[in-house]
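What follows is a short report on a single structure.
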Amino acid sequence: MKRRMIFSACLIAILGSTALAQAAEVQTAEVQHTGTQHTGTQHTGTQHTGTQHTGTQHTGTQHTGTQHTGTQHTGTQHNHVGHDHAAAGTEMNDTSSTARTSHAGPHGGSLKQVGNLQFETVVAQGGLRLFVFDRGGTPVQLDQGRGTVSVKIEGNPKRYRYDLLPDEKGGLSAAVNLSKLAGIQMDVAIQVVGVAPQTVRFAEVATVPISRQQLAADAIARQKICPVSGKALGSMGEPVLVGVDGQSLFVCCDGCVDAVHANPAKYAGGRPQITVTTATLADAAGIAAQKVCPVMDEPLGGMGTPVKVLIGDKPVYLCCKGCVKKVQAEPAKYLAMVADRRSEGQSGTPPGTVPAGKDQIREGVFRVTAADAPFVSAQKVCPVMDEPLDAMDGPYKVNAAGKAIYICCPGCAKKIAADPARYLAVLKSHGVEAPAIR
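Read in order, the letters of the sequence shown are residues -23 to -1, 1 to 415 in mature numbering (1 follows the signal peptide of the UniProt record, and there is no 0).
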């Protein structure tokens, strides 16, 4: 029994030491206590005899209930930020009582005070920059300063480390392309040396700002089609921005701008006017050219007189009224499908196929073209990441056993190449038939 008690006591001591060691890694501003010697503080004439410190946690620099002869520390909290301790490894960090954050940095960044210094962190698409000021707001020279910044993206456990070096604007900067992270929250941990007697550590939560170009791209992706012509935005070159009653919308080309200004109420919603009628003899040529219903993939006329849907000024013919709602919900998708079928009929290209890619960005990964548009619209989601195809600057096209699969980023190509049948099956389970590559 005595041996068991001794073993249990040893085990508890080991576990306690492990927990303290782990806590010390997180709380980097703790003062190191070795035995009963307090580094940097001189206790004259104090004798510690037979005093055992086992499992006692010293958090920060607070000593409670311990009486030292000649010097009494009872419930006193010592603020180590801003003091020059001779002990090596002492640090300033933002866990102290003097650290506070505002959002009024002179360069538009987040301003945090640590001790007697203020640190402004500026996060931009071109990287991260750090400026330092004294309490009065006077810039601190950083010629001898150096640092590191560690970035953790929301939802990703991995941290990315970059060096902070002096730049021409009087700050420390890490030049790194963060444009792909626009709008994404990230945790930023900063460590700086050479600006104070101690190493300075602090943390921020930041979001990379979204550029005007990215905002425009998002708006185009949401609007999808020109409200005047009904064509897919981008099919006629760079979409044109038009202001209507204090709002903004995009049209496919300059030729549609006057129509918007002439009837702003008609186009203010950014969606084309959709009109549903019954086809007449005047539509015979259009029906013959389209041949099949884009919703049901059935021959037009097989369920009676085709239904004519005008999307802007572009006609789409359907096999029955039951298909109208789907076209109204996704007009751009069905317009693209009809346009693709018509071009295939004129060129003699078999339906349900796409050309092999020409613009290769890496081995086996190609940029999409206009011919891929209806299939991209039908697939919508990357089968590897289960993310929208445009989530990571996509879509891209890969060859999966002779069929085209669209992915959100080049990094997904390896998984599809390793098991194409698996991802073709994923698409099929969502009702998507991958087009054959011709």
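Don't be surprised by glycine CBs; every beta carbon is placed ideally from N, CA and C.
Any non-hydrogen atom of the ligand ADP within 7 Å of residue i CB
i: residue 365; result: With respect to the ligand ADP, the structure shown offers nothing to examine, as it has no ligands at all.
Helix, strand or coil at residue i [DSSP, three-state]
i: residue 399; result: helix
i: residue 90; result: strand
i: residue 329; result: coil
i: residue 224; result: strand
i: residue 111; result: strand
i: residue 299; result: helix
i: residue 210; result: coil
i: residue 237; result: helix
i: residue 140; result: strand
i: residue 387; result: helix
i: residue 101; result: strand
i: residue 119; result: coil
i: residue 409; result: coil
i: residue 285; result: strand
i: residue 310; result: helix
i: residue 146; result: coil
Cα-Cα separation, residue i to residue j
i: residue 165; j: residue 194; result: 27 Å
i: residue 205; j: residue 350; result: 20 Å
i: residue 414; j: residue 105; result: 44 Å
i: residue 409; j: residue 210; result: 23 Å
i: residue 145; j: residue 120; result: 10 Å
i: residue 400; j: residue 310; result: 23 Å
i: residue 85; j: residue 233; result: 39 Å
i: residue 254; j: residue 242; result: 23 Å
i: residue 430; j: residue 332; result: What is shown of the chain runs -23 to 415, which leaves residue 430 out entirely.
i: residue 404; j: residue 352; result: 12 Å
i: residue 178; j: residue 348; result: 53 Å
i: residue 199; j: residue 213; result: 17 Å
i: residue 261; j: residue 277; result: 11 Å
i: residue 285; j: residue 222; result: 32 Å
i: residue 97; j: residue 107; result: 6 Å
i: residue 245; j: residue 130; result: 38 Å
i: residue 188; j: residue 368; result: 16 Å
i: residue 392; j: residue 361; result: 7 Å
i: residue 257; j: residue 294; result: 11 Å
i: residue 91; j: residue 231; result: 55 Å
i: residue 174; j: residue 133; result: 34 Å
i: residue 316; j: residue 136; result: 46 Å
Close Cβ partners of residue i (< 8 Å) along its chain, the five nearest in sequence each way excluded
i: residue 182; result: 162, 163, 164 and 165
i: residue 117; result: 94, 109, 110, 111 and 172
i: residue 208; result: 202, 229, 289, 291 and 312
i: residue 358; result: 364, 365, 366 and 407
i: residue 387; result: 338, 339, 342 and 373
i: residue 390; result: 339, 341, 342, 373, 375 and 384
i: residue 185; result: 100, 101, 102, 155, 156, 158, 159, 160, 161 and 163
i: residue 325; result: With a pLDDT of 49 at residue 325, under the threshold of 50, the modelled position of this residue cannot be trusted, and the question is left open.
i: residue 259; result: none
Sheet register partners of residue i (DSSP bridge)
i: residue 376; result: 381
i: residue 127; result: 138 and 166
i: residue 305; result: In DSSP, residue 305 forms no bridge with anything.
i: residue 431; result: Past the boundaries of the shown model lies residue 431; the chain is included only from -23 to 415, so the question cannot be answered.
i: residue 293; result: 286
i: residue 393; result: Residue 393 pairs with nothing; no bridge assigned.
i: residue 106; result: 99 and 150
Same chain only: Cβ atoms within 7 Å of residue i, ignoring 5 sequence neighbours per side
i: residue 336; result: 343 and 344
i: residue 416; result: Because the chain is modelled from -23 through 415, residue 416 falls outside the range shown and cannot be assessed.
i: residue 191; result: 159
i: residue 81; result: 88
Close beta carbons around residue i, own chain, < 6 Å, minus the five adjacent residues each side
i: residue 251; result: 288 and 305
i: residue 370; result: none
i: residue 139; result: 126, 151 and 153
i: residue 124; result: 141, 149, 168 and 169
i: residue 216; result: 197, 210 and 227
i: residue 334; result: 343 and 374
i: residue 424; result: Look at the range of the chain in this structure, -23 to 415, and you will see that residue 424 is not part of it.
Can you check the segment 151 to 204 for any beta strand (DSSP E) of at least 3 residues that lies completely inside it and give the ranges in chain order? Entirely contained in the segment 151 to 204, the beta strand (DSSP E) runs reaching 3 residues are, in chain order, 162 to 170 and 176 to 184.
With a floor of 3 residues, list each beta strand (DSSP E) that falls wholly inside the segment 334 to 371, ordered by position along the chain. 337 to 339 and 342 to 344
Please list the segments of the beta strand (DSSP E) lying wholly inside the segment 240 to 283, counting only runs of 3 or more residues, in order along the chain. 251 to 255
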